[in-house]
Amino acid sequence: MNKIDIKYCAKCRWLMRSTWMAQEILSTFDGEVDELSLHPGTGGIFEIYANGELIWSRKAMGGFPEITELKQRVRDVIAPERDLGCIDRKTQKVN
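For this note's numbering, count along the sequence shown from 1 and bump the result up by 2.
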């Protein structure tokens, strides 16, 4: 069972950013994500967990993830063998 948790600061008004990222994850990983939860918090929190593993922290990583990087990090935890098509090809060209 694959589960994604997004913890966001409600006082910073990051609900819209969180719901957009949730929608992107759910549409990309249709049928692979069993549960996605949004957790309002405070203190500038913005963290994303995949199956309990922290894959993004705004404080530790200095900002918000680009959606392509977020999808790769989710994929690496829930479906490491999956090819993300254009996203993976763009990243390979940059490196």
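Don't be surprised by glycine CBs; every beta carbon is placed ideally from N, CA and C.
With Leu28 as the anchor, note down where its alpha helix (DSSP H) starts and where it stops.
Counting from 1 along the sequence shown, the entry for residue 28 is found at position 26. Note, Leu28: alpha helix (DSSP H), 17 to 30.
Three-state secondary structure assigned by DSSP to Glu49:
Counted from its first residue, the sequence shown places residue 49 at position 47. DSSP places Glu49 within a strand segment (E or B) once states are collapsed to three.
Please list, in chain order, all residues of the same chain as Glu55 whose beta carbon is under 6 Å from its beta carbon, the five residues on each side excluded.
By one-based count along the sequence shown, residue 55 stands at place 53. Correct list, in chain order: Val79.
In angstroms, rounded to a whole number, what distance separates the CA positions of Pro67 and Ala12?
Translated into positions along the sequence shown, residue 67 becomes position 65. Translated into positions along the sequence shown, residue 12 becomes position 10. Going by the C-alpha atoms only, they are around 18 Å apart.
State the Cα-Cα distance for the pair Ser29 and Val35, rounded to the nearest angstrom.
Against the sequence shown, residue 29 aligns to sequence position 27. Against the sequence shown, residue 35 aligns to sequence position 33. Looking at the backbone, the Cα of Ser29 and that of Val35 are separated by about 10 Å.
Can you check whether the CB of Glu37 is closer than 8 Å to the CB of Lys9?
Position 7 of the sequence shown holds residue 9. Position 35 of the sequence shown holds residue 37. Note that the C-beta distance between Lys9 and Glu37 is not below 8 Å.
DSSP three-state assignment for Glu68, whether helix, strand or coil:
Here residue 68 refers to the residue found at position 66 when the sequence shown is read from its first residue. If DSSP states are grouped into helix, strand and coil, Glu68 belongs with coil.
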